[in-house]
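Protein chains in written order, with our numbering: chain Y, 1406 to 1476; chain B, 15 to 610; chain D, 436 to 650. C-beta: ideal position from N, C-alpha, C; glycine also. Here the structure is a predicted model, which is why all the values come from computation and not from measurement. Data block below; observations after.
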Amino acid sequence: MAIENINGCIGCGICVQTCPTDVIRLDPKTKKAIIKYPADCQICHLCRMYCPVDAISITPEKSIPVIVSWG
Amino acid sequence: MTNVNTKNEMSRRKFMGLAGGAIGMATLASMGIPGWAANKIKIDPESLEYLEKETDVLVIGGGMAGLFAAVKAHDAGAKALMVSKGRLGSSGQTPFAKGIFAYDPSTAAMTLDEFTATVSRSALGSNNSVYTKQMAEHSLARVNELKDWGFFDSALYNKSFSKPINERNIPLLERIVITNLIKENGKIAGAAGFSLDEEKVYIFKAKSVILCTGAGGFKPNGFPICDLTHDGTIMAYNIGAKVTGKEWNDGHPGQATNAAACYDGWHGMFERKPSVNGIEVHHDLGVDLNYMAYTNGNPVQMGPPGAGESNPISGGPYIPAEFNRMSSDKPKDGPEDGKKPPRGERPEKGGKPGEGDAPPGMGGTSVGGSSAGMSIHKSEGLVPINDKCESTIPGLYAAGDALGSYMAGAIYTQIGSSLAGSAVQGAIAGEAAAVYSESANTPVISKAKIKALQEEMLAPLHREAGYSPAWVTQTLQGIMIPNFVLYVKKESMLKAALAYVEELRDHHAPMLRAADLHELRLVHETKNMIATAEMKLKASILRKESRCSHYRLDYPELDNENWQAWINIFKDEEGNMQFEKQAFNSWPNENLFHQI
Amino acid sequence: MGVIMEKRIRRYNIIVASIVFIGLPILFWALGDFPRRSSLKEILSVLTLVAFSLMLGQFFLARSNKKVLTGHKMSTIIKYHKYIGYIFVSVLLLHPFLLVLPRYFESGVEPTDAFITIITTTNSIGVVLGIIAYCLLLILGLTSIFRNQLKMSYKTWRVFHGILSIVFIAIATIHVIDLGRHTNTAMISYFVTLSGIGIFLLLRTYILKSSGGTK
Ligand SMILES: Cc1cc2nc3c(=O)[nH]c(=O)nc-3n(C[C@H](O)[C@H](O)[C@H](O)COP(=O)(O)OP(=O)(O)OC[C@H]3O[C@@H](n4cnc5c(N)ncnc54)[C@H](O)[C@@H]3O)c2cc1C
Ligand code: SF4
Ligand code: SF4
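In C-alpha cells form, the structure reads like this:
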C-alpha cells in the first residue's frame, strides 16, 4: 500500500513538508509522523530519501485502483 | 465556429449508444472509492484565521522556474516573496529531473541559429523559435549558477535551492495552496490561498505575479506529478488570460506491474545526482507507443518510440526522417559529455523513452497513461505576448512548465531542455516582473472581493453533503485516460468523453465536499483537472490533423495549410470557453489569429 | 563444589547470558514485523540493539549479581564487565553516527545534514533523552577509563559508577522505547524487564549496605 511503515521516527516533520501530495502528517499527540492520506501517495520515495533517520518504508503497490491507458 | 461547447453538445443517451460500454466500463473503476456522502467535517471552517501579505513580485511555485524567478526578481531590486503548495525543490516535477541541457558556445557543434533550426525541423514548426533560442542562449549561465549553489552535488534539491533564497532573505511560504489569482482594474493584483497546516487563509497583494506552478495531469499513475493539476493555467484562465497547448500529449509509458510506482518505474533514477548534457535533438515521446498498442493489441513490449521496433507498424504518428531513429542504425544515447550513466539509470532528459537505457517498463511490459493529462513540457500553459514571459494580463507572468512558450515545440526535441528552459524563463520572468513592478502601484483589493474569494475557496468545507474529490478524480481518470480517448483520438470518442466531462463540470464540481484542508486541496485540484479535461477534448476536436504529439485517427495527416497554428483558449465575457488560432512563430498582438 | 561442577556452571552461565543478552534481542528483531532494509543497515541495527542489551547485561556482570555469579572469579567478571563495557559503550557512542552512515552510500539526505537535523529536533522527548543519555554514557566511559586519575576512593567510585549507570539506563531505555525502530511490544517488555531487574539488584545492594545488612 504505497507508503507503508514509519519506524524509528524522531518527529522532525521533514517528511510532512517534503511529500508533494501531502500524505504524511505529524500526530498531534505522539508528535510522530503518521500516514494520514495513503490513497494519495504517488510512490515517489522523496519522503524516504529526505528522512534523517531513514524511518520510512514504501512498497510499490498503490492502495486504490490504478487506472492506465490499456490493460 | 465560435463555440465548441454548443456545437458538440450531445445527450447522455446518444453517447451511450455511441460509445457503448467502453468508457462506462472504465468509469466503473472508480467504484472502489465512496462517492456521494455526508461531509464529516473535521475542522471548523469559521475558525480559519485570515492573513494578508504584501510584496512587489509574488512567485507562485517552488520548482526550477520559481527558484530563478524569485532570485532574479530580488536581484533586480524588487521585493520578492515565494509561495508554494509544496516544499522548495521537493514539489512539482523538478525533484525528478536529472539531466539539464547547457549550450556551451565554446564546444557546441552548431551555432545558436542552427540549433534553433534543428529544433524547428523536429517540431514540425510547432516551436516558438524565439523561446527555443533564448533557452539555449542562457542555459549555460543558469547551469553555472546552479553549480555554485551545489545543485549537482546531491540527488535532493532542497538544500541547493535554499541557499540562494536564504542568502537573499527571500520570504518563503511553503505548503500553501493558491486557489485564485486576483485581478483589479484589468491588472494583476495578487493571489489567494490557504495553508495545509495552519487553518489560515492567505491573501497576497502583489504588483506582479509570476506563475511557476508547473504543468499537471489527471493524477496519473507512474509519473510523479500527482501534486500538479494545472492550477496556474486554470487560475489564469479564470481571470481572463489566454492559455494554450491542451491538445498535445506527453505519451509517457509506465510499467504494467505496479504501474503507480513512479520510483520503481524509473529504476532508481530519482536517486541520481543531476548532470549536464549537450546538444541532442530528438523527436520523442509522442504517441507512437500508444498507436502501437492500439493497433497491435496488448501487451506492448517496451521499445523506444522511433527506435528499434522489429516489426514496424504502418501508419501512425509521423516522425520526420531526420529524427527517425528506427531508420538510423544507431541511436545515440547518454549525455554528450560521454559519461554513460550507470546501468538502470536514465541519462539525459530523464527517461523520455527512446533516449537511452532503461525507461519505465523496460525489460517488462509497458502500459500507457503514466503521465496522462500532461502535454509536452512548455507547450501548454499561459500564452506569452512577448519574449519576456508576459501573459495577456498586465503584471501576470509565467515561467517554465506553466508558460505555453512552445520552447521545445509540440514534441520532445532537445534533451534536458525542460529543466534548462524552466531555469532560463524563471530568470527572465523574474527580471521582467521586477521592472514592471517598479512603475506599478500596490494594488487595492476591495473587502467585498476578498470576502467573496474566501467564501468560494472554503465552500466545500461548508457543504453538508457532496461528492468526494477522490471519487470524482477517479471517474475523470476513467473517462480520460483510456488510450482511445486521450492518445489515439477520433471525433466520436472525443465528443463522447466531452459529454461525460461536462457532466462532471456542471453537476459534480459544484458539489465537491471537503472534510479537512487536505481534502479542500483535492477539491480545488479536481476542479482544475475537470477544466483541463474539457480544454483537452475541445482543442483535440478542433485540431483536425495529426502533428507531433497530437494524433487523430480520423485525420492522420499533417495539414500545413490550416494548422501551422497554435490553439489559444480563453474565457469570454459570458464565461464560455472560446478558442482561437495563432499562427506558429507569431505573437498574439500581431493579430495573426482568428477566432474559430 | 567440585571444580568440574563449577566449570559446568560457569559454562552454563555463559550460555544463558549469551542467549538472554545477545540471542533474545536478535530473536525479537528476526521475528518482529519490521520492514527489512539493506544488509548494512540491518547489521548496524542489530549491532546497536545488541550493544544496548549488553549494556543492560552489565548490571548482571557486577557485584550486585554476586549470587548468580558464585563460581566465577570476581576479578574475571570485572574483566568481562570492562571489556564489554569499552567495546559496546563505544558502539553506543557511535550509534548516532552509525544511524546516518548508510546515507553516505546512497543518495538520500547527506549524513551530516541528517545528523544536524536529528540533534536539533529538540521538540522530541526521545531525542533530548538520547542526548542526555549520550552525555551520561560518555561520562560513564571516561570515568571508567580514567578511574585511577580521579581522586576518588574505589568505594566512592563504585557508588558513583552504579548510580550513574542507573540514571543512564533509565533514561536510555525511555529513549529506546520512544525512538527505537525495532521496539515492538516484545522488545519493549524485554528491555523494561532487564533494566528493571538490573536497577533493582543494584539498588538492593545499596539499601542492604546502608542498613548494614552486608555480610
Ligand atoms: C520523472 C521526471 C523526469 C524528468 N526528467 C527530466 C530531465 O532529465 N531533464 C529535463 O530537462 N526535464 C525533465 N523533466 C521535466 C522537468 O522536471 C520539468 O520540465 C521542470 O522541472 C519544470 O519546472 P518548473 O519549475 O517549471 O515546474 P515544477 O517543478 O513542476 O514546479 C511547480 C511548482 O509549483 C507549485 N505549485 C503548483 N500548483 C500550486 C498552487 N496551486 N499553489 C502553490 N504552488 C503550486 C508546486 O508545489 C511546485 O513547487 C522530468 C520530469 C519528470 C516528472
Ligand atoms: S522525516 Fe523521518 S524522522 Fe522526520 S518526521 Fe518524518 S519519519 Fe519522522
Ligand atoms: S512516497 Fe512520495 S507521495 Fe508517497 S508519502 Fe512519500 S513523498 Fe509522499
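Item                                                                                                                                                                                            : Value
Please list the residues of the region 593-614 of chain D that have a C-beta atom closer than 8 Å to any C-beta atom in chain Y, keeping them in chain order.                                   : 614
Using CA coordinates, which residue listed in B:122, B:417, B:74, B:393 is at the minimum distance from residue 404 of chain B?                                                                 : B:417
Count the other CB atoms within 10 Å of the CB of residue 549 of chain B; is the residue buried (16 or more) or exposed (fewer)?                                                                : buried
Work out the CA separation of residue 605 of chain D and residue 441 of chain B for me, nearest whole Å.                                                                                        : 56 Å
For residue 523 of chain B, which residues in the same chain have their Cβ closer than 8 Å to its Cβ, ignoring the five residues on either side in sequence?                                    : 486, 540, 541, 544
Please list, in chain order, the chain D residues whose beta carbon lies closer than 7 Å to that of residue 1417 of chain Y.                                                                    : 552, 556
Could you give the DSSP three-state label for residue 298 of chain B: helix, strand or coil?                                                                                                    : strand
Is it right to say residue 447 of chain D is buried, meaning 16 or more other beta carbons lie within 10 angstroms of its own, or is it exposed?                                                : exposed
For chain Y, find out if any of its Cβ atoms is closer than 8 Å to the Cβ of residue 544 of chain D; answer yes or no.                                                                          : yes
Between the region 473-502 of chain D and chain B, which residues of the former have a C-beta closer than 9 Å to a C-beta of the latter?                                                        : none
According to DSSP, is residue 50 of chain B helix, strand or coil?                                                                                                                              : strand
Is the beta carbon of residue 1450 of chain Y within less than 7 Å of some heavy atom of ligand 1?                                                                                              : no
Let me check one thing: in DSSP terms, what residues is residue 1410 of chain Y bridge-paired to?                                                                                               : Y:1462
Distance, Cα to Cα, residue 621 of chain D vs residue 599 of chain D?                                                                                                                           : 27 Å
Within the present structure, is the beta-carbon of residue 444 of chain B separated from the nearest heavy atom of ligand 2 by less than 7 Å?                                                  : no
DSSP beta-bridge partners for residue 69 of chain B?                                                                                                                                            : B:220
Return the residues of the region 503-537 of chain D that lie within a Cβ-Cβ distance of less than 8 Å from chain Y, sorted by chain order.                                                     : 534, 535, 537
Looking at the structure shown, is residue 1442 of chain Y part of a helix, part of a strand, or coil, going by DSSP?                                                                           : coil
For a contact meaning CB atoms closer than 8 Å, what does residue 495 of chain B contact in chain Y?                                                                                            : 1472, 1473, 1474
Tell me the DSSP secondary structure of residue 419 of chain B in three-state form.                                                                                                             : coil
When you compare the CB of residue 1462 of chain Y with every CB in chain D, is at least one pair closer than 8 Å?                                                                              : yes
Residues in the same chain with beta-carbon distance under 8 Å from residue 544 of chain D, minus the five sequence neighbours each way, listed in chain order, please.                         : 538, 552
Since I believe residue 459 of chain B is in contact with residue 196 of chain B (beta carbons under 8 Å), could you give me their beta-carbon distance rounded to a whole number of angstroms? : 6 Å
Decide if residue 445 of chain B is buried, meaning its Cβ has at least 16 other Cβ atoms within 10 Å, or exposed.                                                                              : buried
Within 10 angstroms of the Cβ of residue 470 of chain B, are there 16 or more other Cβ atoms? Answer buried if so, exposed if not.                                                              : exposed
So if DSSP puts residue 564 of chain B in a beta bridge, which residue, or which two residues, is it bridged to?                                                                                : B:561
Residue 1411 of chain Y and residue 1460 of chain Y - do their beta-carbons sit closer together than 8 Å?                                                                                       : yes
Alpha carbon to alpha carbon, how far is residue 573 of chain B from residue 1466 of chain Y?                                                                                                   : 43 Å
Would the beta-carbon of residue 157 of chain B be found less than 7 Å away from any heavy atom of ligand 2?                                                                                    : no
With 16 other CB atoms within 10 Å as the buried threshold, where does residue 468 of chain D fall?                                                                                             : exposed
I think residue 222 of chain B touches residue 409 of chain B, with their Cβ atoms under 8 Å apart; what is that distance to the nearest whole Å?                                               : 4 Å
Answer with buried or exposed for residue 577 of chain D, where buried requires no fewer than 16 other C-beta atoms within 10 angstroms of its C-beta.                                          : exposed
Are the beta-carbon atoms of residue 104 of chain B and residue 241 of chain B separated by less than 8 Å?                                                                                      : no
Using C-beta distances below 8 Å, list every residue in its chain close to residue 401 of chain B, excluding the 5 sequence neighbours before and after it, in chain order.                     : 144, 145, 148, 442
Measuring only from the beta carbon, is residue 568 of chain B closer than 7 Å to any heavy atom that is part of ligand 1?                                                                      : no
What does the alpha-carbon distance come out to for the pair residue 193 of chain B and residue 249 of chain B?                                                                                 : 7 Å
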